[in-house]
Amino acid sequence: MITVVNSFPIRKTRRTEILININQPINNIFYYLSPFYKYYNIPVINTPKIKEESVYRIWSLLLYNYNYNRNIKDIRFKKGLYINDYYTYSSAIKNIFIPTYCWLLENNAYKLVEYLRSQMKSKDIFILNDKSNVNYKTIPMPSCAYLLKAYIESRKPYQNAITEIYELSYYVGRKEISIKHKKYIPNKIAYIYTNPQYTLDFND
Numbered sequence: 010m011i012t013v014v015n016s017f018p019i020r021k022t023r024r025t026e027i028l029i030n031i032n033q034p035i036n037n038i039f040y041y042l043s044p045f046y047k048y049y050n051i052p053v054i055n056t057p058k059i060k061e062e063s064v065y066r067i068w069s070l071l072l073y074n075y076n077y078n079r080n081i082k083d084i085r086f087k088k089g090l091y092i093n094d095y096y097t098y099s100s101a102i103k104n105i106f107i108p109t110y111c112w113l114l115e116n117n118a119y120k121l122v123e124y125l126r127s128q129m130k131s132k133d134i135f136i137l138n139d140k141s142n143v144n145y146k147t148i149p150m151p152s153c154a155y156l157l158k159a160y161i162e163s164r165k166p167y168q169n170a171i172t173e174i175y176e177l178s179y180y181v182g183r184k185e186i187s188i189k190h191k192k193y194i195p196n197k198i199a200y201i202y203t204n205p206q207y208t209l210d211f212n213d
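Using the working numbering, the first residue of the sequence shown is number 10, and each one after it goes up by one.
Written as structure tokens, this is what we have:
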């Protein structure tokens, strides 16, 4: 089971628990899951041949008109580094931040994701929350803790990250034994369009 928490228990970690803080950069393997981690290979939406160091670096580069006196709903993000067309803040979350973080998980940190998926049925996994917001559609920026949980569990906005199928039979010698067995098949769903004329749009 995966739970997002605002603080870790003040006690010794049990063998049946995994504590994850993606924002702690020192001596922490789970920092590889952070949007701050510098991979230097993250593609920029609608921008050919350009790769940046991190998800947050891309987010800040595409931020167009932010200042501290402006209403957050008036903030705009460029749809590409060289495109004079803009997303609203909430649209930028869906079309820039969410798919770019998904690309990071699938291309740079997938072994960690697979490990956590293999452990979530037998252990209690706690992910430290970095934001108060749990809804990926709303302002302000969504919690990466909740996005990570959503990707591992294949929930919105990453609801297609796992396909469930049922295996109905198998053979023992020549005898067919019928059994209903649920099987999970992980899918890689991230794709960042880098064609400057193409607009990436994640559906609700």
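Glycine included, every Cβ here is placed at the ideal spot set by N, Cα and C.
All values derive from a computational prediction rather than experimental measurement.
Rounded to whole angstroms, the Cβ separation of N74 and I84 is 6 Å, and the two are in contact under 8 Å.
V122 sits in a helix when the DSSP states are folded into three classes.
The beta carbon of I54 is closer than 8 Å to those of I67, L71, K88, G89, N104, I105, P108, T109, I201, Y202, T203 and L209 in its chain, skipping five residues each way along the sequence.
Under the three-state reduction of DSSP output, I19 falls in the coil class, being neither helix nor strand.
Nearest Cα to K58 within the set Y91, I11, S43 and Y40: Y91.
Fully contained in the segment 33-100 are the following alpha helix (DSSP H) runs of length 4 or more, in chain order: 64-71. Looking at the DSSP output, E26 sits in a beta bridge with D133.
Here Y160 is buried: its Cβ has 16 or more other Cβ atoms, across all protein chains shown, within 10 Å. Excluding the 5 residues flanking it on each side, L121 has same chain C-beta neighbours closer than 8 Å at I38, F39, Y41 and L42, in chain order.
The shortest C-alpha to C-alpha distance from N196 to any of M10, D139 and W112 is the one to W112.
Scanning I11, Y193 and S69 for the CA closest to the CA of I29 turns up I11. The criterion of a C-beta distance shorter than 8 Å is satisfied by V13 and A154.
Here F17 is exposed, its C-beta having fewer than 16 other C-beta atoms within 10 Å. With respect to the C-alpha of Y193, the residue from A199, R183 and E173 having the closest C-alpha is E173.
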